[in-house]
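In this note's numbering, the protein residues as written are 462 to 703.
Now the structure itself:
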């Protein structure tokens, strides 16, 4: 009976003639495939996808501005896609305002309505001194016309729930399909009195109420960039007077 031969090999992974002989006789394992071609293929695939999707975040005006740079048929495909998205949003935008609630109508206006759309209820403070409550009410008024497919509602906390403590306001209740999917007691989980529209938009994305790639989110980002650049320009102008 042949006994296996134990041949010491310092670098079994090395690409040498001796190692090739040992691999041929099964003394050392076959050399694993080099990861380099796999990595290169992955990079090329990522570049290809990035090129194909380079127009994904462009709105109609931006697409029109690219007429001299892009293939017309390719641009037309994206125009049709954007127009279809806009049409879908317009058809779904049936709310477009903040709805004041009465307790007697709560089941109909909130629970039942959530069968067709996300419904967000803001339980507000009963006093005017609650800064977070005022902040959220203003955010509600900005979000409602922007995301008309979502129903934004508002009711005083103690009118909705008898004895509801004012210290727990504002409270956000998120309804879908007749159930409470999420709740935020005060804005502590967000940014408190510094909570902005984009913070609540992130909540909507996390909930699935709006898609992560929604063009309306990008327009908000663009507006923020413009506001951030404005002070920089003012600073530059001030420097001219030094």
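For glycine and all other residues, C-beta sits at the position ideal for the given N, C-alpha and C.
Is DSSP giving residue i helix, strand or coil here?
| i | result |
| --- | --- |
| residue 567 | helix |
| residue 610 | coil |
| residue 593 | helix |
| residue 499 | helix |
| residue 585 | strand |
| residue 488 | coil |
| residue 703 | No answer about residue 703 holds up, because its pLDDT of 45 lies below 50 and its placement is not dependable. |
By the 10 Å Cβ neighbour count, where 16 or more other Cβ atoms means buried, how is residue i classified, buried or exposed?
| i | result |
| --- | --- |
| residue 593 | buried |
| residue 616 | buried |
| residue 507 | exposed |
| residue 503 | exposed |
| residue 656 | buried |
| residue 631 | buried |
| residue 582 | buried |
| residue 568 | exposed |
| residue 654 | exposed |
| residue 587 | exposed |
| residue 585 | buried |
| residue 671 | buried |
Given residue i, which residues of its chain have a CB within under 6 Å of its CB, disregarding the five upstream and five downstream residues?
| i | result |
| --- | --- |
| residue 645 | 633 |
| residue 629 | 646 |
| residue 636 | 571, 575 and 580 |
| residue 661 | 600 |
CB-CB under 8 Å to residue i, same chain, minus the five flanking residues each way: which ones, in chain order?
| i | result |
| --- | --- |
| residue 658 | 600, 603, 604 and 681 |
Starting from the C-beta of residue i, find all residues in its chain whose C-beta is less than 7 Å away, skip the five residues before and the five after it, and write them out in chain order.
| i | result |
| --- | --- |
| residue 564 | 620 and 621 |
#### Entry: Whole runs of the alpha helix (DSSP H) within the region 623-674, excluding any shorter than 4 residues
658-668
### Query
Do the region 605-613 and the region 637-644 meet, that is, are 3 or more Cβ pairs less than 8 Å apart?
no
### Message
For the region 617-627 against the region 663-678, do three or more pairs of beta-carbon atoms, one drawn from each stretch, fall closer than 8 Å, so that the two count as touching?
### Response
no
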